[in-house]
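Numbering (this note's numbering), first residue to last: 7 to 205.
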């Protein structure tokens, strides 16, 4: 475990890392700065999960509430709560929704994700409610992306990939077609942009 970092200088200042929770001897509980003051602290529950962190004097504190197996709620130093929802795909937990609750300092805002069978993002809804959808190959590379999906402003970008290298060979947007050529080592040799003429 990292115990300290000594910085160059005539007095060789140190940053010290503390492990003071006897239940979890490998869990970081605090960091002292070069002046010997406590810079940050970390608190754990009985399962060894982090439930609180803060900087000196309680600044920048964050508390974590493990609501259930797939929900976490974070409360920051200003009292704003943000809830994270998860799902499991192929044994990996992935975020499906972030709920930013309204507070005295921030408006409410949500963000959401869906995933394909391989665990790659299939759609994303941003904080403003704009939906972007994706199709991907089995390597997770983007084949198509539709921005503002489901609206009159929807815009689709198509990407074709090199058969040997992890490099795009053609990107088609509503405005242009960009084609790339490479040598046998995958080095870019040419780039051609052709405007798309609207009918």
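Cβ coordinates follow ideal geometry from the N, Cα and C atoms, glycine included.
The three-state reading of DSSP puts residue 196 in strand, counting E and B together.
Excluding five sequence positions before and after residue 24, the CB atoms of its chain that fall closer than 8 Å to its own CB belong to 34, 35, 36, 37 and 38, given in chain order. Residues of the same chain with a CB within less than 6 Å of the CB of residue 95, apart from the 5 flanking positions on each side, are 121 and 125 in chain order. Here residue 200 has 182 and 183 as same chain residues with Cβ atoms under 7 Å from its own Cβ, once five neighbours each way along the sequence are excluded. According to the DSSP secondary-structure assignment, residue 121 is paired through a beta bridge with 127. Nearest to residue 110 by C-alpha distance, out of 83, 100, 50 and 131, is 83.
Secondary structure at residue 63: helix, using DSSP grouped into helix, strand and coil. Counting only the Cα atoms, residue 47 lies some 10 Å from residue 63. Shown here, residue 143 sits in coil according to DSSP, grouped into three states, outside any helix or strand.
Excluding five sequence positions before and after residue 51, the CB atoms of its chain that fall closer than 8 Å to its own CB belong to 57 and 72, given in chain order. The alpha-carbon separation between residue 135 and residue 98 amounts to approximately 26 Å. 8 Å or more divides the Cβ of residue 131 from the Cβ of residue 153. Counting along the chain, the unbroken beta strand (DSSP E) around residue 91 starts and ends at 87-95. Following the DSSP letters along the chain, one finds residue 164 inside the beta strand (DSSP E) bounded by residues 161-167. Counting along the chain, the unbroken beta strand (DSSP E) around residue 48 starts and ends at 44-50. Note on residue 165: 16 or more other CB atoms within 10 angstroms of its CB, so buried under the neighbour-count rule.
Beyond the five residues adjoining it in sequence on each side, residue 185 comes within less than 7 Å, by CB distance, of 175, 176 and 198 in the same chain, given in chain order. Under DSSP, the beta-bridge partners assigned to residue 58 are 49 and 69.
Per DSSP, the unbroken beta strand (DSSP E) holding residue 23 starts and ends at 20-24. At the C-beta level, residue 106 and residue 114 come within 8 Å of one another.
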